[in-house]
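In the UniProt record's numbering, the protein residues as written are 1 to 268. Where is the CB? At the ideal position from N, CA and C, for every residue including glycine. In this text, all values refer to a predicted model and were calculated from it rather than measured experimentally.
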């Protein structure tokens, strides 16, 4: 399949049956056409309308949004098309959900499902670049063309009857609720931790002191026998000395001179 060039797009947009309406030659690119933000959007359960050109709305962080295009397509019987997100939105963290191709014979607007992955709101204005459409010529004319539910689509309500909630946003809200609960309980948690640390400290100190106290010998109080132990020792020493052989005689005669008489057999 060959992609339509800018020359083919301009020629088909100048034909009696316009390929793109309203047509702006400034929105024609070398191999595509830039579709603009239209007058309707839906964020969650809220539907909104944009009045004049330049009116804006914002897609909150982690939220999904349906946005309708300003232009209406009238697809040839031998061509199909696909859309992609514009670079300006992509750089801000907005992505386009995968969408089915636009079949031959389709007539109506395009509804883009956008997802804001960034952590801040992204503003869109009516008339600014939303998506880029690329047309492709089929290798042969099909036996039938599109005649489904979305033929002549001109509103988001016809495209999506039920709102879409962002699961990521719901998860973020739940986490936020848990954080608030945690912060409210934080003082109690810190108090409990402080008490536990104090109890553990006391237990460890007791386990450290108790063994040393158990090993220390008991202290004896002084008795009468202990008080006079010194004099008793002196008396015992004296008694021991008196029991030594010859010690008593030596002590008595220590001051006298002793003479020895010769034996009778030796005298002449």
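Put simply, of 121, 73, 105 and 147 the residue whose alpha carbon is nearest the alpha carbon of residue 138 is 105. The alpha-carbon separation between residue 208 and residue 197 amounts to approximately 17 Å. A direct Cα-Cα distance of roughly 30 Å separates residue 29 from residue 60. Our two residues, residue 82 and residue 16, have alpha carbons roughly 23 Å apart in a direct line. With respect to the 7 Å criterion, residue 94 and residue 111 are not classified as neighbours on the basis of their beta carbons. In this structure, the beta-carbon distance from residue 79 to residue 43 does not fall below 7 Å.
The closest CA to that of residue 129, considering only 6, 161, 88 and 149, is found on 88. Residue 206 and residue 119 have their C-alpha atoms some 54 Å from each other.
Here DSSP, grouped into helix, strand and coil, assigns residue 116 to strand. Here the alpha carbons of residue 85 and residue 135 stand approximately 15 Å from one another.
When secondary structure is reduced to three states using DSSP, residue 65 falls in the strand class.
Remark: C-beta atoms of residue 107 and residue 62 do not approach each other more closely than 7 Å. In the three-state DSSP reduction, residue 106 falls in the coil class, being neither helix nor strand.
Fully enclosed alpha helix (DSSP H) runs of no fewer than 4 residues occupy 6 to 13 of the stretch 4 to 42, in order along the chain. For residue 128, the secondary structure class from DSSP, reduced to helix, strand or coil, is coil. By alpha-carbon distance to residue 161, the top candidate from 47, 183 and 142 is 47. Under the three-state reduction of DSSP, residue 136 is assigned to strand. Collapsing the DSSP output to three states places residue 53 in coil. Per DSSP, the continuous alpha helix (DSSP H) segment holding residue 89 begins and ends at 87 to 90.
For residue 153, no beta strand (DSSP E) encloses it, and the DSSP letter there is neither H nor E. If you draw a straight line from the Cα of residue 75 to the Cα of residue 37, it comes to about 20 Å. Distance from residue 69 to residue 21 at the Cβ level is roughly 11 Å; contact not present, criterion being Cβ atoms closer than 8 Å.
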